[in-house]
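Heads up, the thing below is written out as structure tokens.
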Amino acid sequence: MNGFLAIVRRDLRLAFRQGLDSLMVVAFFVIAVVLFPFGVGPQPNTLARIAPGVIWVAALLASMLSLERLFQTDYEDGSLELLALQPVALEITVMAKVTVHWLTTGLPLIVAAPLLGVLMNLPEDGYMPLMIALTLGTPTLSLIGAIGAALILGSRRGGILLSLLVLPLYIPVLIFGVSAVDVVIGGFSAKPQLLILSGLLVGALPLCPWAGAAAVRQGLE
Amino acid sequence: MNGFLAIVRRDLRLAFRQGLDSLMVVAFFVIAVVLFPFGVGPQPNTLARIAPGVIWVAALLASMLSLERLFQTDYEDGSLELLALQPVALEITVMAKVTVHWLTTGLPLIVAAPLLGVLMNLPEDGYMPLMIALTLGTPTLSLIGAIGAALILGSRRGGILLSLLVLPLYIPVLIFGVSAVDVVIGGFSAKPQLLILSGLLVGALPLCPWAGAAAVRQGLE
Amino acid sequence: MQNHHLGSSLSLFTGTDLVCFRGGRTVFAGLGFALSPGEALMLRGPNGSGKSSLLRLMAGLGQPLEGALTWSDESIANDPEAHNARLHYIGHADPVKPVLTVTENLRFWATLRPGFGNGEDAIASALEKLGIGHLADVPGRFLSAGQKRRVNLARILAAPASLWLLDEPQTALDRAAEKNLKDAIADHRAGGGMVAISSHAENSLANARELDINQFRADSP
Amino acid sequence: MQNHHLGSSLSLFTGTDLVCFRGGRTVFAGLGFALSPGEALMLRGPNGSGKSSLLRLMAGLGQPLEGALTWSDESIANDPEAHNARLHYIGHADPVKPVLTVTENLRFWATLRPGFGNGEDAIASALEKLGIGHLADVPGRFLSAGQKRRVNLARILAAPASLWLLDEPQTALDRAAEKNLKDAIADHRAGGGMVAISSHAENSLANARELDINQFRADSP
Amino acid sequence: MFHRFANPARFLRFAAVIQPWIAGLTVLLFAVGLYLGLLASPADYQQGETVRMMYVHVPSAWMALFCYTGMAISCGVALIWKHPLADLAAKATAPVGASFTFLALVTGSLWGKPMWGAWWVWDARLTSMLVLFFLYLGYMALNNAFDDPGRGSKASSILALVGFVNVPIIKFSVDWWNTLHQPASVVKMGGPAIHASILSPLLVMGVAFTTYYLWVLLIRIRREVTANKVRALQMRQASRGEQ
Ligand code: HEM
Ligand SMILES: Nc1ncnc2c1ncn2[C@@H]1O[C@H](COP(=O)(O)OP(=O)(O)OP(=O)(O)O)[C@@H](O)[C@H]1O
Ligand SMILES: Nc1ncnc2c1ncn2[C@@H]1O[C@H](COP(=O)(O)OP(=O)(O)OP(=O)(O)O)[C@@H](O)[C@H]1O
Ligand SMILES: [Mg+2]
Ligand SMILES: [Mg+2]
Chain A
1045 MNGFLAIVRR
1055 DLRLAFRQGL
1065 DSLMVVAFFV
1075 IAVVLFPFGV
1085 GPQPNTLARI
1095 APGVIWVAAL
1105 LASMLSLERL
1115 FQTDYEDGSL
1125 ELLALQPVAL
1135 EITVMAKVTV
1145 HWLTTGLPLI
1155 VAAPLLGVLM
1165 NLPEDGYMPL
1175 MIALTLGTPT
1185 LSLIGAIGAA
1195 LILGSRRGGI
1205 LLSLLVLPLY
1215 IPVLIFGVSA
1225 VDVVIGGFSA
1235 KPQLLILSGL
1245 LVGALPLCPW
1255 AGAAAVRQGL
1265 E
Chain B
1045 MNGFLAIVRR
1055 DLRLAFRQGL
1065 DSLMVVAFFV
1075 IAVVLFPFGV
1085 GPQPNTLARI
1095 APGVIWVAAL
1105 LASMLSLERL
1115 FQTDYEDGSL
1125 ELLALQPVAL
1135 EITVMAKVTV
1145 HWLTTGLPLI
1155 VAAPLLGVLM
1165 NLPEDGYMPL
1175 MIALTLGTPT
1185 LSLIGAIGAA
1195 LILGSRRGGI
1205 LLSLLVLPLY
1215 IPVLIFGVSA
1225 VDVVIGGFSA
1235 KPQLLILSGL
1245 LVGALPLCPW
1255 AGAAAVRQGL
1265 E
Chain C
739 MQNHHLGSSL
749 SLFTGTDLVC
759 FRGGRTVFAG
769 LGFALSPGEA
779 LMLRGPNGSG
789 KSSLLRLMAG
799 LGQPLEGALT
809 WSDESIANDP
819 EAHNARLHYI
829 GHADPVKPVL
839 TVTENLRFWA
849 TLRPGFGNGE
859 DAIASALEKL
869 GIGHLADVPG
879 RFLSAGQKRR
889 VNLARILAAP
899 ASLWLLDEPQ
909 TALDRAAEKN
919 LKDAIADHRA
929 GGGMVAISSH
939 AENSLANARE
949 LDINQFRADS
959 P
Chain D
739 MQNHHLGSSL
749 SLFTGTDLVC
759 FRGGRTVFAG
769 LGFALSPGEA
779 LMLRGPNGSG
789 KSSLLRLMAG
799 LGQPLEGALT
809 WSDESIANDP
819 EAHNARLHYI
829 GHADPVKPVL
839 TVTENLRFWA
849 TLRPGFGNGE
859 DAIASALEKL
869 GIGHLADVPG
879 RFLSAGQKRR
889 VNLARILAAP
899 ASLWLLDEPQ
909 TALDRAAEKN
919 LKDAIADHRA
929 GGGMVAISSH
939 AENSLANARE
949 LDINQFRADS
959 P
Chain E
5 MFHRFANPAR
15 FLRFAAVIQP
25 WIAGLTVLLF
35 AVGLYLGLLA
45 SPADYQQGET
55 VRMMYVHVPS
65 AWMALFCYTG
75 MAISCGVALI
85 WKHPLADLAA
95 KATAPVGASF
105 TFLALVTGSL
115 WGKPMWGAWW
125 VWDARLTSML
135 VLFFLYLGYM
145 ALNNAFDDPG
155 RGSKASSILA
165 LVGFVNVPII
175 KFSVDWWNTL
185 HQPASVVKMG
195 GPAIHASILS
205 PLLVMGVAFT
215 TYYLWVLLIR
225 IRREVTANKV
235 RALQMRQASR
245 GEQ
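Protein chains in written order, with the numbering used here: chain A, 1045 to 1265; chain B, 1045 to 1265; chain C, 739 to 959; chain D, 739 to 959; chain E, 5 to 247.
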């Protein structure tokens, strides 16, 4: 627990000192969403129709892009090797890094989402389920993504390989996240969807740090 | 010219030996497009309506993601420094790298686009202008992206920062690329849009290698 | 060839019949060593003979293909965290975060060690021992190659561990710092510590055992 | 302090009153040097004194804040490509591509040089001179730190250039390779070549001029 | 003349003298402008009271463009002549310009709801303005992304210059494409085309925004100079004791 807190504290400090990290993720999120009106055309009702999907896809991409550096900088300057050689289980180290990733990217995404709802003409009923679904879904994204981020260590390609590994695994979160918003707009309850999202999170919570640690270990060999 | 060809030959060889580079870009392209039916729901007419936009946005993202490594690997292992110290103008070196980037990502994207048109229910009239617009637009994306890829050399963040720099500059290509398809589907001629796309390309062709070389130079200082 | 250099059975840290397989080839085979408290082992051998690889095996970063590494007759793979708690490793890279001050960098690593508590004095005295007391509050980004290396060396002085694994530790050090390092190693050994060190330098440590890895080449002609 | 070390006006490559500003501080000021054919200049100074920075200025990677670097009385900034054609630079990194064989790596760099033509023999003999003839067809990824460094050194033997700028070239080399390097430098000087070299080693090259950079510290108390 | 204030010490002295005057002027101008705009001027016969949004929207839109132009010029000067103050000025301008852009976007969309019936429409002017906002963000992010501040300012200067192509697009978007947005009526060939009762508060607010910008600029540059001093001290500390 001590080690966990020490790593969380260090990584948060790094994120704040380097500044703007979270801001950049939010900016990407906004830009990615904004690209669609350019692409799809600005008719308000088309936009409203695809709003939840676009916002979720942009959140997926933003989370994925920021994941690339989850272990990368520590890997490059030798810190990761050294972290693996400390008397702290590597699973705990991975969990600490995932926590910081969510605090610095998932949380800001949730805060920025309503703004994008406005840009995309999201119907009013949609805001509440969007926020709840994002709150349940983004930690799962960070957890799953950590495995991918660890797998690409030392490979010569970064983001693009990561996206191939991670995006297919993100699809369940996407499906239920969007559907939670859509059913509420359609006048039904989103309870089943939100329960499934919680289930995914509870499943990922023990599994992903374990798989991530295994991946880091092989990346260091 | 000699230097240009030597660099193109080397970078192509690197791309082929490392294998799968282009394949990965295409795979990302496909996955990004496929996310939308999941997000938006599979109704054929909604899909058809947003098809050109989604295909173009995915192409933008695929091109951008693969750009991150344009100079990065050479920068990290000291090759870029050494390239700048050869009796070959740095502008030529940048142009050679852009050429290889387009050959290994832009071209495969163009080849893969009709397949995605089918997935997204693109109306039949749209295929021709989509291909032409992609042919004119993707080189511009590679050219603009090269500036961004050079600017982030040595920075603490990769993909996400690059996206913030490059995506806003991609927007004109996106607008006219999509509009070229839309007007043809709507029964008009896409000549003005295609002319503008050509204009953007002709403008970027001398400007971007020059700005890219300046950016590389300051990155090495 | 099967010259095992087996020490007395009192040896604390031993390797027997080690085979290292790396990069598609057997780097060395049948290698053995033994270290007792207060002893030093100098790894010798030309470039590519496997010095770094052996040190990584000793640290537990990667497993030998065959053979056993034991600490008090127990395999180190049985309890990696316990092994980590008793070793310090210096690799090729210097994990110094550019945005943290030298003290913050050291404090982070020290808090992960057992029994560090609040040893601010330990950090300050480690810096003094390497002649960089004046750098305590300077952010890592202002350091030159040699200064970073000294910070990395101060790290292993700040929290005690009985086994030091040093891979060409004198890289980038000027002569004053090399002297400091030698003194620190002598102190460590006087207190019952053990050292394994690789180096191309001609002069050796006092009373060090030498191990010529080249003797154990698997593909020697 | 204003000790310019100006050589005779016959010197081919000279620097006068150089001021180097890097990372927000003046590293050295008022530094001068002169090199004539056949001469060697050894750069001395503790960690962080600016040896690497001076070599980069000599190569034209970055401009001095003040002062002039001239070749036959013409500023090197006037025609960077011509300057590049007459120099070879060895920095901290070894640009050896993992997927290309040693020969392919060398051939690429050689084809960028003027008057290389089809010098396969030059490559083979450069490899022999550094004792790595047997590695000719081995891909770069299988090389150890010292082997990579030797390949990098072979690069400058494969295509001639009159000025060698070597930044701690003996890093990671074993004693045999260090000897090869010394011989190569002697040959180069015998043929009228010039060398500027930084090193922490105690022993010097024969008849080398020494330049203690520490004398030119800008902020010395 | 050009290099008179190049020396940061001299600049600091100069800034310390004029800063209170600029501060006073800003407060005064805002008071006058807001009085004229909110109380003394008539409501529009078509738009009613919402027209008063203009006195914030238009000056902030002007300033967004003005700041970017100033920033690009500073960046050019910094790159070509390596003028230390130009760098600081560009760096200090970016967040101010981004805030003005944000303000123009927010007031524009608040105004858009009653006028066009939507918070946001995707027309050329609004879109290119949004791109401008992203360019400011990109500039700041890039400036901050390096361990070595010198690297950051050079890289971001190049970006600022490349991004300048967007400024004429914003300015002339209303002429080149037919959009919902109002075409230029104040700053255009042949003189302003709006009534004096609206024009005078608008111009006063415009000047007030400009002096406000100068005020903030002075504060930010002074702070930056101090930060540089601290950094230089740390640097000196880093290289001390290595004789
Ligand atoms: C978010 C939405 C909006 C944005 C981004 C925006 C942007 C701009 C910009 C950049 C300018 C300065 C143009 C120049 O200097 O030539 C401007 C001026 C102006 N805007 Fe907006 N605007 C928005 C919404 C609106 C709305 C809803 C109205 C009212 C119908 C409006 C009315 C005006 C007027 C009257 C001017 C002054 C034009 C002139 O005299 O030059 N704007 N706006
Ligand atoms: N990252 C790597 N991946 C795969 N194989 C490697 C890697 N590094 C080294 N090898 C292989 O292992 C062998 C031993 O390398 P090692 O780095 O242990 O040698 P070394 O004795 O430390 O050499 P040096 O003196 O050059 O540092 C090399 O010859 C190479 O074949
Ligand atoms: N990448 C960099 N970015 C910014 N400043 C740097 C960088 N590298 C070095 N410096 C600064 O320049 C000074 C000189 O560094 P340089 O690397 O030239 O020293 P050196 O003499 O080669 O030292 P060493 O013996 O440690 O290699 C350092 O003290 C540091 O302040
Ligand atoms: Mg080694
Ligand atoms: Mg150096």
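The beta-carbon is built from N, C-alpha and C at its ideal position, and this holds for glycine as well.
In this text the structure is predicted, and so the values were computed from the model without any measurement.
Open item on the list: Once DSSP output is grouped into helix, strand and coil, what is the label at P1131/A?
Closed with: As a first step, residue 1131/A is located in the first sequence; it is residue number 87 there, counting from the start. Correct three-state label for P1131/A: coil.
Task: Endpoints, the alpha helix (DSSP H) within which R851/D is located - done: Residue 851/D sits at position 113 when you count from the first residue of the fourth sequence. First-last for R851/D: undefined, no H or E at that position.
Open item on the list: Counting only C-beta atoms, is F1082/B closer than 9 Å to chain A at any point?
Closed with: Position 38 of the second sequence holds residue 1082/B. The beta carbon of F1082/B falls within 9 Å of a beta carbon belonging to chain A, placing the residue at that interface.
- [ ] Closer than 7 Å by beta-carbon distance: list the chain D residues that pair up with G1122/B, in chain order.
- [x] As a first step, residue 1122/B must be located in the second sequence, where it is residue number 78. What G1122/B touches in chain D: G829, A831, D832, P833.
Open item on the list: So that I know if they touch, is there some Cβ in chain C lying closer than 9 Å to that of Q740/D?
Closed with: For this step, residue 740/D is matched to residue 2 along the fourth sequence. Note that Q740/D scores a pLDDT of 38, beneath 50, so its modelled location is shaky; the value from the coordinates is reported in the next line. No, because no Cβ of chain C sits closer than 9 Å to the Cβ of Q740/D.
Open item on the list: At a cut-off of 8 Å, would you count K917/D as near ligand 2, judging by its Cβ distance to the nearest heavy atom?
Closed with: As a first step, residue 917/D must be located in the fourth sequence, where it is residue number 179. For ligand 2, not one heavy atom lies less than 8 Å from the Cβ of K917/D.
Open item on the list: Please list the terminal residues of the continuous beta strand (DSSP E) segment that includes E804/C.
Closed with: Indexing the third sequence from 1 puts residue 804/C at position 66. Annotation for E804/C: the continuous beta strand (DSSP E) segment containing it runs 804-809.
Task: Bridge partner(s) assigned by DSSP for H826/C - done: Translated into the one-based positions of the third sequence, residue 826/C becomes position 88. H826/C pairs with W902/C.
Open item on the list: By the three-class DSSP mapping on this structure, what secondary structure does R763/C have?
Closed with: Against the third sequence, residue 763/C aligns to sequence position 25. When secondary structure is reduced to three states using DSSP, R763/C falls in the strand class.
Open item on the list: S1186/A and G1150/A - do their beta-carbons sit closer together than 9 Å?
Closed with: One-based indexing of the first sequence puts residue 1150/A at position 106. One-based indexing of the first sequence puts residue 1186/A at position 142. Result yes, Cβ atoms of G1150/A and S1186/A sit closer than 9 Å.
Open item on the list: Just verifying my parser: in three-state terms, what is the DSSP assignment at T1148/A?
Closed with: For the purposes of this step, residue 1148/A is taken as the residue at position 104 of the first sequence. It is helical.
- [ ] Report yes or no: is there a C-beta of chain A within less than 9 Å of the C-beta of F1060/B?
- [x] In the second sequence, the residue the question calls residue 1060/B occupies position 16. Judged by the 9 Å Cβ criterion, F1060/B is not in contact with chain A.
- [ ] Kindly confirm or deny that the segment 1215-1228 of chain B and the segment 1096-1107 of chain B touch, where touching means at least three C-beta pairs closer than 8 Å.
- [x] Yes, they touch.
TODO: Starting from the C-beta of A200/E, find all residues in its chain whose C-beta is less than 8 Å away, skip the five residues before and the five after it, and write them out in chain order.
DONE: To locate residue 200/E, count along the fifth sequence from 1; it is residue 196. Answer for A200/E: no residue qualifies.
- [ ] Mind listing the chain E neighbours of Q1262/B? Cutoff is C-beta to C-beta under 8 Å, in chain order.
- [x] Your numbering for residue 1262/B matches position 218 in the second sequence. Against chain E, the beta carbon of Q1262/B has neighbours under 8 Å at R155, K158, A159, I162, listed in chain order.
- [ ] Return the residue from the list L1058/B, V1144/B, V1138/B that minimises the CA-CA distance to T839/D.
- [x] Numbered from 1 along the fourth sequence, position 101 holds the residue referred to as residue 839/D. Nearest of L1058/B, V1144/B, V1138/B to T839/D, Cα basis: L1058/B.
Open item on the list: Using C-beta distances below 8 Å, list every residue in its chain close to G871/D, excluding the 5 sequence neighbours before and after it, in chain order.
Closed with: Counted from its first residue, the fourth sequence places residue 871/D at position 133. Closer than 8 Å at the Cβ level, and outside the excluded window around G871/D, lie A862, L865.
TODO: Please decide whether L881/C counts as near chain D, where near means a Cβ-Cβ distance under 9 Å.
DONE: The count along the third sequence starts at 1 and reaches residue 881/C at position 143. Output row for L881/C: interface = yes.
Task: Outcome for F954/C when other beta-carbon atoms lying within 10 angstroms are tallied against a minimum of 16 - done: Within the third sequence, numbered from 1, the residue matching residue 954/C stands at position 216. Classification of F954/C: buried, given that the 10 Å Cβ count is 16 or more.
Open item on the list: I'd like to know if E1112/B contacts chain A, where contact means its C-beta is closer than 9 Å to some C-beta of that chain.
Closed with: Working through the second sequence from its first residue, we reach residue 1112/B at position 68. Output row for E1112/B: interface = yes.
Open item on the list: Quick check on the DSSP output: what are the complete alpha helix (DSSP H) runs of length 4 or more inside the segment 106-190 of chain E, in order along the chain?
Closed with: Complete alpha helix (DSSP H) runs here, min 4: 128-148, 153-167, 170-180.
TODO: Please report the residue range of the beta strand (DSSP E) in which S936/D lies.
DONE: Locating residue 936/D in the fourth sequence gives position 198, counting from the first residue. Looking at the DSSP string, the run of the beta strand (DSSP E) that includes S936/D is 932-936.
Task: ligand 2 heavy atom lying under 8 Å from the CB of D925/C - done: Here residue 925/C refers to the residue found at position 187 when the third sequence is read from its first residue. Relative to ligand 2, the beta carbon of D925/C is positioned no closer than 8 Å to any heavy atom.
- [ ] Determine the chain A residues that contact A122/E at a beta-carbon separation under 9 Å, and present them in chain order.
- [x] Numbered from its first residue, the fifth sequence carries residue 122/E at position 118. Under the 9 Å cutoff, chain A gives P1088, N1165.
TODO: Could you round the C-beta distance between Q1130/A and L850/C to whole angstroms and report it? I think they count as a contact, below 8 Å.
DONE: Walking along the first sequence from the start, residue 1130/A turns up at place 86. Walking along the third sequence from the start, residue 850/C turns up at place 112. The Cβ separation is near 4 Å, so the contact holds.
Task: M1172/A - containing alpha helix (DSSP H), residue span - done: Start at 1 with the first residue of the first sequence, and residue 1172/A comes out as number 128. Secondary structure note for M1172/A: its alpha helix (DSSP H) is the uninterrupted segment 1171-1195.
- [ ] Assign L1213/A to one of three DSSP states: helix, strand, or coil.
- [x] Stepping through the first sequence from its first residue, residue 1213/A is reached at position 169. In the three-state scheme derived from DSSP, where H, G and I count as helix and E and B as strand, L1213/A is classed as helix.
Task: Cβ neighbour criterion (16 or more within 10 Å) applied to Y827/D - done: Along the fourth sequence, one-based indexing puts residue 827/D at 89. By the Cβ neighbour-count rule, Y827/D is buried, with 16 or more other Cβ atoms within 10 Å of its own.
Task: Rounded Cβ spacing between A1103/A and L1205/A (contact assumed at less than 8 Å) - done: Position 59 of the first sequence, counted from the start, is the residue given in the question as residue 1103/A. Position 161 of the first sequence, counted from the start, is the residue given in the question as residue 1205/A. That pair is no contact at about 21 Å.
- [ ] Please compile the residues from chain A whose C-beta is within a distance smaller than 7 Å of the C-beta of R1093/B.
- [x] Reading the second sequence from its first residue, position 49 is the one you call residue 1093/B. The contacting residues are T1090.
Task: Which of helix, strand or coil DSSP assigns to Q740/D - done: Residue numbering aside, residue 740/D sits at position 2 when the fourth sequence is read from its first letter. Confidence is the limiting factor: at Q740/D the pLDDT is only 38, short of 50, which leaves the residue's position unreliable and the question unanswerable from this model.
Open item on the list: Could you check whether the Cβ of R227/E sits closer than 9 Å to any Cβ belonging to chain C?
Closed with: Position 223 of the fifth sequence, counted from the start, is the residue given in the question as residue 227/E. Chain C contact via Cβ: absent.
Open item on the list: At a threshold of 8 Å, does K789/D count as lining ligand 5 (C-beta to nearest heavy atom)?
Closed with: The residue labelled residue 789/D in the question sits at position 51 within the fourth sequence. In this structure, ligand 5 has a non-hydrogen atom nearer than 8 Å to the beta-carbon of K789/D.
Task: DSSP three-state assignment for A772/C, whether helix, strand or coil - done: By 1-based counting over the third sequence, the position of residue 772/C is 34. Reduced to three states, the DSSP call for A772/C is strand.
Task: Residues, ordered as in the chain, of the segment 1205-1234 of chain B that lie near chain E by beta-carbon distance below 9 Å - done: Within the segment 1205-1234 of chain B, the residues whose Cβ lies closer than 9 Å to some Cβ of chain E are L1205, L1208, L1209, V1210, L1211, P1212, L1213, I1215, P1216, I1219, listed in chain order.
TODO: Can you give me the start and stop residues for the beta strand (DSSP E) that R947/D sits inside?
DONE: Position 209 of the fourth sequence, counted from the start, is the residue given in the question as residue 947/D. Run containing R947/D: 947-950, per the beta strand (DSSP E) assignment.
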